[in-house]
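Notes follow once the structure below has been shown.
In structure tokens form, the structure reads like this:
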């Protein structure tokens, strides 16, 4: 009986949300949106200048074309070779003017020595294209020269290699360092923690302004209502992530191989798989979400309870937004310098932990005890916040009139 | 369940908001099984009292007891509370909402569904069971909320202005339901500013004015005791005889006049003056006072509401 009403609140909160159009839209739309913001601009960038992408190459050296062609093809050009003859310049000029090709490149002995070449084009290529083309040409020339001397040009040019051997045994078992995982993951954590914590605030505010809270509080302890709300909304968040993860895993486990089998030219996508976080990282991600959510949901519930209107709540949540924005501002720094005392310290401060500890962990090498400690600290913070927020909630949820000042809030906490 | 004879008892309860005293040393009892009206003009402290009963406000002084003990959550779940400001989850389906309100007071879902369907049927809303609350009219929403108030078959019903916002037909439906609960032995406390309603329904009345209890008594006994104070007259001819030291004031109602006498005045003297003045007296009738009259008599001329309106005017407008 004691927990029956908490269960009723969880159940109501969960079902109302999961059945809503908003949930369906966000669950389907979230990944679509992520794909849209990452893939679509790249696609458009690659689609632009399509007509001007047909390039002719006149290779006076006879050794550069075979090296250069694959590189240029990879960066989106379509190339073919034109044999040198007396009228080749005139013919290609004409072809370019007629729009048959986008332009042509002349390679000669000087290219072999200095990497310089001349490109004739109807339009000036974008700066990025110029840079990639320049480095492709220089690379082809350099490769040839080094091969003549018996050097493994390919390995050198790929940037060599540096293997890290840690001298302490505190190394983390986490997967390969990966910037994208660290940064996107941190940002994603920020978004979902915020979205779901704010949901708790809005739900609290709605109950308060619609006055239904009077009926509910006359039948259950405020603390139980708050707990039920937070658990219910948290369960919705977990469901949504579960759906996303399931589909993500399905996509990469079955969808991608099928796609590549059908269209072999997409084989480069297969490399994506190496970038993806492993099971350990996914578990950590879910852990950071849950602990972060419980911390912020408690605080947001208190904010919802102390306000009477949306506008008031917008203002009152400002300190909490700050608390979430600070780690987002710091995240680049922390990714770059994950082991400095500052990064370590900030990532162990519970409100910052989900975002900053994730950023550090995704980079690899964070000692396991620090991760464990961060969870212990967050757990402590959850209890402290629940205690404080519960008291504010208890008084605030039934209080009409103006928003309390800080000293008044403190009085609520002491007297509740 | 017989700790004492009262479902509800308030002793010396005072509530202040800043400098304003909303409820002033209020003593009040509701005997088990009775149906009791809490009457008073707007702003007199009815809702504040009810909110203290339900633990939504804490009294600054005094104590509230439910069923003879401190009003903890377990005892409050035996109360059905309809607040003055209606509140529902607008996005929920009607039956779901009713079931939820039962569930938080310990009614299992299957049982809640059964009872909910019976109630929806009774209030003519069964075709709305799976519609969202927001799709219903205000009055229908209010009926849904009433079902939510009684779904757990409470021992005490606390209804704050239950009839306001309902059309006359639904007021009658609700009145009948309240009577049914009373007949089943449920204790009922409701607040209203509608004197007629209270007069029809209540066994006991408690009158509040200006944050203070003015009167708290059995309605029938009260009316009998007050009976000698009002005379209805109809006459032709001179009206000089209806002025005199016995008469406090005169009201005109339905073409006739009502003479409100001062305390202890003798109506016989007035009648004698009338005969002497040679008026044709068609009617001279000692009438049962309306609740309205009783209230005005006890609240007195000093009873002025927050708005500065005399209490009588306030009540008159409402009834």
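Residue numbers (the numbering used here), protein chains in the order written: chain A, 7 to 422; chain B, -5 to 313.
Glycine residues also receive a C-beta, built at the ideal position from the N, C-alpha and C atoms.
Which residues in chain B sit within 7 Å of residue 388 of chain A, going by Cβ to Cβ distance? The contacting residues do not exist; residue 388 of chain A stays about 25 Å from chain B at best.
Check whether residue 279 of chain B and residue 226 of chain B have beta carbons under 8 Å apart: Between residue 279 of chain B and residue 226 of chain B, the gap from beta carbon to beta carbon is short of 8 Å.
What is the DSSP secondary structure of residue 8 of chain B, counted as helix, strand or coil? Note: residue 8 of chain B maps to strand in three-state DSSP.
Kindly indicate which residue of B/132, B/197, B/80 and B/161 has the alpha-carbon position closest to the one of residue 314 of chain B. Nothing can be reported for residue 314 of chain B: it is not among the residues displayed for chain B, which extend from -5 to 313.
Measuring only the C-alpha atoms, how far is residue 10 of chain B from residue 118 of chain B? Using only the alpha carbons, I get a separation of about 42 Å.
For residue 417 of chain A, which residues in the same chain have their Cβ closer than 6 Å to its Cβ, ignoring the five residues on either side in sequence? So the list is empty, once near-sequence residues are dropped.
For residue 216 of chain A and chain B, any beta-carbon pair shorter than 8 Å? It does; some Cβ of chain B falls within 8 Å.
Between residue 236 of chain A and chain B, is there a C-beta pair that is closer than 8 Å? No, residue 236 of chain A lies away from the interface with chain B (no Cβ there is under 8 Å from its Cβ).
Check each candidate in B/24, B/33, B/26 and B/157 and name the one with the smallest Cα separation from residue 206 of chain B. Taking each of B/24, B/33, B/26 and B/157 in turn and checking the Cα distance to residue 206 of chain B, the smallest one comes out for B/33.
Using only the alpha-carbon positions, how far apart do residue 74 of chain B and residue 224 of chain B sit? Distance between the alpha carbons of residue 74 of chain B and residue 224 of chain B is about 39 Å.
Using a 10 Å radius around the Cβ and a threshold of 16 neighbouring Cβ atoms, would you call residue 179 of chain A buried or exposed? Residue placement at residue 179 of chain A cannot be trusted, given a pLDDT of 38 that sits under 50; what the coordinates show is reported in the next sentence. It counts as exposed.
Flag residue 220 of chain A as yes if its beta-carbon sits less than 8 Å from any beta-carbon of chain B, otherwise no. Yes - at least one Cβ of chain B is within 8 Å of the one on residue 220 of chain A.
Report, in whole angstroms, the separation of the C-beta atoms of residue 109 of chain A and residue 125 of chain A, which I expect to be a contact under 8 Å. Yes, residue 109 of chain A and residue 125 of chain A are in contact; Cβ-Cβ is about 6 Å, under 8 Å.
Within 8 Å (strictly less), CB to CB, does residue 69 of chain B reach chain A? Closer than 8 Å to the CB of residue 69 of chain B there is not a single CB belonging to chain A.
Quick one: which residues of the region 110 to 139 of chain B get their C-beta closer than 9 Å to a C-beta of chain A? List them in chain order. Within the region 110 to 139 of chain B, the qualifying residues are 139.
Would you identify the three-state DSSP class for residue 83 of chain B, choosing helix, strand or coil? When DSSP states are grouped into helix, strand and coil, residue 83 of chain B belongs to the coil group.
Indicate the three-state DSSP secondary structure (helix, strand or coil) for residue 180 of chain A in the structure shown. Per-residue confidence for residue 180 of chain A stands at a pLDDT of 38, beneath the threshold of 50, marking its modelled position as unreliable; the derived number appears in the next sentence. If DSSP states are grouped into helix, strand and coil, residue 180 of chain A belongs with coil.
Can you name, in chain order, every residue of its own chain whose Cβ lies under 8 Å from the Cβ of residue 250 of chain A, other than the five neighbours on each side? Only 33, 36 and 37 meet the Cβ criterion.
What's the call for residue 210 of chain A, buried or exposed, on a 16-neighbour Cβ count within 10 Å? That one is buried.
What in chain A is Cβ-close to residue 80 of chain B, meaning under 8 Å? Those within 8 Å of residue 80 of chain B in chain A are 217.
Output yes if chain A places a C-beta closer than 8 Å to the C-beta of residue 178 of chain B; else output no. No - not a single Cβ of chain A is within 8 Å of the one on residue 178 of chain B.
Residue 337 of chain A classed as buried or exposed, judged by whether at least 16 other C-beta atoms fall within 10 angstroms: Buried, because 16 or more other Cβ atoms sit within 10 Å of the Cβ of residue 337 of chain A.
In chain A, which residues lie less than 7 Å from residue 49 of chain B when you measure between Cβ atoms? Correct list: 224.
Contact check, residue 206 of chain A vs residue 236 of chain A, beta carbons under 8 Å: Yes; because the gap between Cβ atoms is below 8 Å, this pair is in contact.
Kindly provide the ranges of any beta strand (DSSP E) runs that are 3 or more residues long and lie completely inside the region 93 to 159 of chain B, ordered along the chain. Restricting attention to beta strand (DSSP E) runs no shorter than 3 residues, the region 93 to 159 of chain B encloses them at 150 to 154, ordered along the chain.
What's the C-alpha gap between residue 199 of chain A and residue 357 of chain A? So the alpha carbons of these two residues sit roughly 11 Å apart.
Contacts of residue 11 of chain A in chain B (Cβ-Cβ under 8 Å): Within chain B, the residues near residue 11 of chain A are 97, 98, 99 and 100.
Cross-strand partners of residue 200 of chain B (DSSP beta bridge): Beta-bridge partners assigned by DSSP to residue 200 of chain B: B/32 and B/210.
Could you tell me which chain B residues have their CB closer than 7 Å to the CB of residue 404 of chain A, listed as they occur along the chain? Listed along chain B, the residues sitting closer than 7 Å to residue 404 of chain A by beta-carbon distance are 50.
Out of curiosity, what's the CA-to-CA distance linking residue 141 of chain A and residue 73 of chain A? Roughly 12 Å separates the two Cα atoms.
Within 8 Å of any Cβ in chain A, is that where the Cβ of residue 77 of chain B sits? Yes, because at least one Cβ of chain A sits closer than 8 Å to the Cβ of residue 77 of chain B.
Beta-carbon within less than 6 Å of residue 38 of chain B's beta-carbon, same chain only, minus the 5 sequence neighbours each way: which residues are those? Non-local C-beta neighbours of residue 38 of chain B in its own chain, meaning closer than 6 Å and more than five positions away in sequence, comprise 202 and 203, ordered along the chain.
Check residue 421 of chain A in the structure and name its three-state DSSP category. Taken through DSSP and simplified to helix, strand or coil, residue 421 of chain A comes out as helix.
Could you tell me whether the Cβ of residue 188 of chain A comes closer than 8 Å to any Cβ of chain B? No, its Cβ sits nowhere closer than 8 Å to a Cβ of chain B.
Since residue 127 of chain A is in the beta strand (DSSP E), which residue starts that stretch and which ends it? In this chain, the beta strand (DSSP E) harbouring residue 127 of chain A covers 124 to 127.
Buried or exposed: residue 26 of chain B, going by 16 or more other Cβ atoms within 10 Å of its Cβ? With a 10 Å radius around the Cβ and a threshold of 16 neighbouring Cβ atoms, residue 26 of chain B comes out buried.
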